[in-house]
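Asker: Residue numbers (numbering that gives the first Met the number 0): 0 to 194.
Even glycine gets a Cβ: it sits at the ideal position worked out from N, Cα and C.
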Amino acid sequence: MSEKKSLGEALFVDIESNAYLNELHEKILYNYALKLFQLEKKKSPKEFELKDALRFADLLSKSTHPTRSDIHKMWAQELIILLNEIESDNPLVKLYAGSVFSSTDNHQGLQLINSEYENINTFEKIFAQFRNDYLTIPAAPEMKFFNAQKEAYDHLSDPCFSYSGPTLMGKSFIMRMFIKDEIMHGSQKNYAFFD
Numbered sequence: 000m001s002e003k004k005s006l007g008e009a010l011f012v013d014i015e016s017n018a019y020l021n022e023l024h025e026k027i028l029y030n031y032a033l034k035l036f037q038l039e040k041k042k043s044p045k046e047f048e049l050k051d052a053l054r055f056a057d058l059l060s061k062s063t064h065p066t067r068s069d070i071h072k073m074w075a076q077e078l079i080i081l082l083n084e085i086e087s088d089n090p091l092v093k094l095y096a097g098s099v100f101s102s103t104d105n106h107q108g109l110q111l112i113n114s115e116y117e118n119i120n121t122f123e124k125i126f127a128q129f130r131n132d133y134l135t136i137p138a139a140p141e142m143k144f145f146n147a148q149k150e151a152y153d154h155l156s157d158p159c160f161s162y163s164g165p166t167l168m169g170k171s172f173i174m175r176m177f178i179k180d181e182i183m184h185g186s187q188k189n190y191a192f193f194d
C-alpha cells in the first residue's frame, strides 16, 4: 500500500530542483546585480516572466513541507526583495510582496514594502491582528519578532535553556531586547554580552 501525501507535500517535495524556478532565480539575480553595480547601460537585463516569478515567490511563502518550509519561506522573501529592487515601481510586485511577507510573518517587511495587500477573509484578519500583538517586542513595541525569535525569547527566563539557530536569525537581537526589557523593568542583574 502506498503512503498518502498531502497536497502540500506533493507540491513542495522537490520544488527546489524545479528547473524553471531556478532559471527565474538566476535571471532575477543577474538583473539585480546589473542594477546594483550600475551596469544596465553596458549589459542587457535577462528577460523573464515577472508574473511567474511572483507566483513562485507566493507559493514558496506558503510552504507546508515538514522539514524544508523555513528554507522555502526564506527563498520566497529573497525573490520578492530582489523583484522589488528590480521593479520598484510595479504595483503588482508590491501586492505580491504583501502576500509573501504576510505568509512568512515578516512584519518589518510589510512595513518597509508599504504594500496595500490585505488578508482576504475575516478569520485571517483576526489572526493577523492576534499574531501582530503576539509578536510585538516588549522592549520595542514598534517592532515585531519573527515566530522563531519569539519562541526563543519566551524561554530566556527559564532556569535552563539552550538555543541554537542559523546565522542571521537574530540571536544577538533577541538577547539585546531581553536585556533591555529586564532593565526597563528595574532588574538589578549583571549582564555581559559578547557579539
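Taking Cβ positions, are E84 and V92 nearer each other than 7 Å?
Answerer: In the sequence shown, the residue the question calls residue 84 occupies position 85. In the sequence shown, the residue the question calls residue 92 occupies position 93. Going by C-beta atoms, E84 is not nearer than 7 Å to V92.
Asker: Pop quiz: V99 and S60 are said to be a contact at Cβ under 8 Å. What is the actual Cβ separation, rounded to whole angstroms?
Answerer: By 1-based counting over the sequence shown, the position of residue 99 is 100. By 1-based counting over the sequence shown, the position of residue 60 is 61. At roughly 4 Å, the Cβ-Cβ gap stays under 8 Å, so V99 and S60 are in contact.
Asker: Short check: CB of A96 to CB of A75, under 7 Å?
Answerer: For the purposes of this step, residue 96 is identified with residue 97 of the sequence shown, where counting begins at 1. For the purposes of this step, residue 75 is identified with residue 76 of the sequence shown, where counting begins at 1. Not closer than 7 Å, so no.
Asker: Might you give, ordered along the chain, the residues of its own chain that have their beta carbon closer than 8 Å to the beta carbon of A151, omitting 5 neighbours on each side?
Answerer: As a first step, residue 151 is located in the sequence shown; it is residue number 152 there, counting from the start. Closer than 8 Å at the Cβ level, and outside the excluded window around A151, lie Y162, G164, K170 and I173.
Asker: Which of the three DSSP states, helix, strand or coil, is assigned to M142?
Answerer: Locating residue 142 in the sequence shown gives position 143, where the first residue counts as 1. In this structure, M142 counts as strand in the three-state DSSP scheme.
Asker: Nearest-angstrom Cα distance between D157 and Y29?
Answerer: Position 158 of the sequence shown, counting from 1, holds the residue named residue 157. Position 30 of the sequence shown, counting from 1, holds the residue named residue 29. Their backbone Cα atoms lie some 46 Å apart in a straight line.
Asker: Do you know offhand how far I27's Cα is from N146's?
Answerer: The residue you call residue 27 lines up with position 28 of the sequence shown. The residue you call residue 146 lines up with position 147 of the sequence shown. Computed Cα separation, rounded: 28 Å.
Asker: When you compare the CB positions of L167 and K149, do they come within less than 7 Å of one another, or not?
Answerer: Within the sequence shown, numbered from 1, the residue matching residue 167 stands at position 168. Within the sequence shown, numbered from 1, the residue matching residue 149 stands at position 150. Against a cut-off of 7 Å, the Cβ pair of K149 and L167 comes out as no contact.
Asker: Starting from R175, trace the alpha helix (DSSP H) both ways and give me its first and last residue.
Answerer: Taking the sequence shown and counting its residues from 1, one reaches residue 175 at position 176. R175 -> alpha helix (DSSP H) spans K170 to M183.
Asker: What are the start and end residues of the alpha helix (DSSP H) that includes E48?
Answerer: Here the question's residue 48 lines up with position 49 in the sequence shown. Unbroken run through E48: none, as it is neither H nor E.
Asker: Tell me I14's beta-bridge partners as DSSP assigns them.
Answerer: If you number the sequence shown from 1, residue 14 lands on position 15. I14 is not bridged to any residue.
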